[in-house]
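Residue numbers (the numbering used here): 109 to 269. Just so you know, even glycine gets a beta-carbon here, dropped at the ideal spot from N, CA and C. Some notes on the structure that comes next.
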Amino acid sequence: MMFKVLLIFAAVCASSIEANYGQYTMHCPCGSHKILNGCYTFMKNKVTWDKARADCLKRGGDLVIPTSNTECDLLSQRANTLGMNAPWIGASRRRQDAKFYNTCGKALSFKRWNSGEPNNHSNNENCAHMYSHGSGKGKWNDVNCIRPYGYICQFKAHRCD
Ligand SMILES: [Ca+2]
Numbered sequence: 109m110m111f112k113v114l115l116i117f118a119a120v121c122a123s124s125i126e127a128n129y130g131q132y133t134m135h136c137p138c139g140s141h142k143i144l145n146g147c148y149t150f151m152k153n154k155v156t157w158d159k160a161r162a163d164c165l166k167r168g169g170d171l172v173i174p175t176s177n178t179e180c181d182l183l184s185q186r187a188n189t190l191g192m193n194a195p196w197i198g199a200s201r202r203r204q205d206a207k208f209y210n211t212c213g214k215a216l217s218f219k220r221w222n223s224g225e226p227n228n229h230s231n232n233e234n235c236a237h238m239y240s241h242g243s244g245k246g247k248w249n250d251v252n253c254i255r256p257y258g259y260i261c262q263f264k265a266h267r268c269d
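The following block contains the structure:
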């Protein structure tokens, strides 16, 4: 019986998903969600931004860098469905110029800050997360990096564009 269950589980994972990034195709990790052309894992454990990123890297991905309104909307909807509040995303403030950069070290080519954000409250909000419910759903806020939130890892053939 147990063996059967394991077999079914293995079959589900083996046939899981592939993501298409133009000419790149990759297997999505078991348990990840295919959304648009990418794969993502929604991590509900609440940790600091640094720990979230380290875990995504360990899994072979990185914190998600959303690049469209549609992607933000779909990811925030899924996060909300999974009971997540405001997961970390892959953007943080560089101290030298106080601007936000993605995890590839590039200035954000797309950003979707909530109204009045980033406000750098108390001069101590250097990491970005994305609201998954409420009026700001799918929009971003800067917040203190050491606060605990869930996070979304993205798996792709990384091209830092
Ligand atoms: Ca803020």
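Report task. Could you tell me if residue 262 is buried or exposed, where buried requires 16 or more neighbouring beta carbons within 10 angstroms of its beta carbon? Result -> Here residue 262 refers to the residue found at position 154 when the sequence shown is read from its first residue. With 16 or more Cβ atoms within 10 Å of its Cβ, residue 262 is classed as buried.
Requested in this report: Report the rounded CA-to-CA distance for residue 201 versus residue 225, giving the unit in angstroms.
Outcome: Here residue 201 refers to the residue found at position 93 when the sequence shown is read from its first residue. Here residue 225 refers to the residue found at position 117 when the sequence shown is read from its first residue. If you take the alpha carbons of residue 201 and residue 225, they lie about 13 Å apart.
Query raised in the report: For residue 251, does the three-state DSSP call read helix, strand or coil?
Result: Residue 251 sits at position 143 when you count from the first residue of the sequence shown. Residue 251: strand per DSSP, three-state reduction.
Query raised in the report: What's the call for residue 203, buried or exposed, on a 16-neighbour Cβ count within 10 Å?
Result: The sequence position of residue 203 within the sequence shown is 95, counting from 1. The residue in question, residue 203, is exposed, as its Cβ has fewer than 16 Cβ neighbours within 10 Å.
Query raised in the report: Can the beta-carbon of residue 87 be found less than 8 Å from the beta-carbon of residue 254?
Result: Nothing about residue 87 can be reported from this structure: the residues present for the chain run from 109 to 269 only.
Query raised in the report: Any heavy atom of ligand 1 closer than 7 Å to the Cβ of residue 227?
Result: What you label residue 227 is simply residue 119 of the sequence shown in a count that begins at 1. At least one heavy atom of ligand 1 is nearer than 7 Å to the Cβ of residue 227, so yes.
Query raised in the report: Among 213, 150, 167, 208, which one has its Cα closest to the Cα of residue 220?
Result: For the purposes of this step, residue 220 is identified with residue 112 of the sequence shown, where counting begins at 1. Here the closest residue by C-alpha is 208.
Requested in this report: Compare the C-beta of residue 174 against all C-beta atoms of chain B and say whether one is closer than 8 Å.
Outcome: The structure shown has no chain B; it contains just one protein chain.
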